[in-house]
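Residue numbers for the sequence shown follow the numbering used here, beginning at 4 and rising by one.
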Amino acid sequence: MRIGELAERAGTSTRTLRYYESRGLLPARRAGNGYRTYDEGDLRLIQQIRTLQDFGFDLEETRPFVECLRAGHPAGDSCPASLDVYRGKLAELDGLIGRLGSIRAQVGAHLAQAEAVRNEAARTGAEQARPTGTGPEPLCELTIHQLREGEDT
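Written out as structure tokens, the structure reads:
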């Protein structure tokens with residue numbers, strides 16, 4: 004098949020396929036007339052690359068999977084190098100999840116503190132102390148919206 008058909012069947016662009024070729028992920032076979040030619044195996048390579056990229060793998064991380072398929076294995080993730088990439092990605096994701104959990108806890112603590120202060124002020128009828136000379140009184144969104152409506156009239 005030619006590059007346009009491969010691109011259509013793989014759901015990508017010819018430009019992307021040429022890029023994969025330039026990075027050594029897609030073989031560069033040419034017909035006698037100079038046109039690139041591809042087969043079903045190449046379609047499997049592209050599908051493997053795109054699936055991994057959808058999972059968050061960068062292009063270079065897909066290389067062991069592509070090489071595994073090229074070596075004749077039935078799946079790109081059946082080789083030791085591919086399994087190592089999976090392990091590395093899981094470790095990376097675990098680290099990100101840990102950092103996000105920490106950030107979430109911090110945001111939750113700030114929210115709880117802000118709500119406690121607001122609830123206490125509402126309960127006692129007291130206004131929060133504000134340093135003098137720091138500019139105009141802060142406006143809530145409702146007040147800003149009301150002011151903007153007033154500007155239109």
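Note that the Cβ used here is the ideal one computed from N, Cα and C, for glycine as well.
ask   = From R5, L48 and D61, pick the residue whose C-alpha is nearest to that of N1; which is it?
value = No answer is possible for residue 1: the residues shown for the chain start at 4 and end at 156.
Buried versus exposed call for T156 [16 or more other C-beta atoms within 10 Å across all chains shown] = Counting from 1 along the sequence shown, the entry for residue 156 is found at position 153. Model confidence at T156 stands at a pLDDT of 44, short of 50, so the residue's coordinates are unreliable and nothing is read from them.
request  = Spatial neighbours of K92 within its chain, please: CB distance less than 8 Å, with the 5 preceding and 5 following residues excluded, ordered by chain position.
outcome  = Taking the sequence shown and counting its residues from 1, the one referred to as residue 92 is at position 89. Only F58, G59, F60 and E64 meet the Cβ criterion.
inquiry  = I need the DSSP call for T156, collapsed to helix, strand or coil.
reply    = For the purposes of this step, residue 156 is taken as the residue at position 153 of the sequence shown. Confidence in T156 is poor, its pLDDT being 44 and thus under 50, which makes the residue's placement unreliable; the coordinate value appears in the next sentence. Note: T156 maps to coil in three-state DSSP.
task = Identify which residue in I52, L29, Q116 and G79 has its Cα closest to the Cα of Y41.
result = By one-based count along the sequence shown, residue 41 stands at place 38. Checking every option, the nearest Cα to that of Y41 belongs to L29.
inquiry  = Considering Cα atoms alone, identify which of I49, R73, S81 and G111 is closest to R21.
reply    = Counted from its first residue, the sequence shown places residue 21 at position 18. Taking only the C-alpha atoms, the option nearest R21 is I49.
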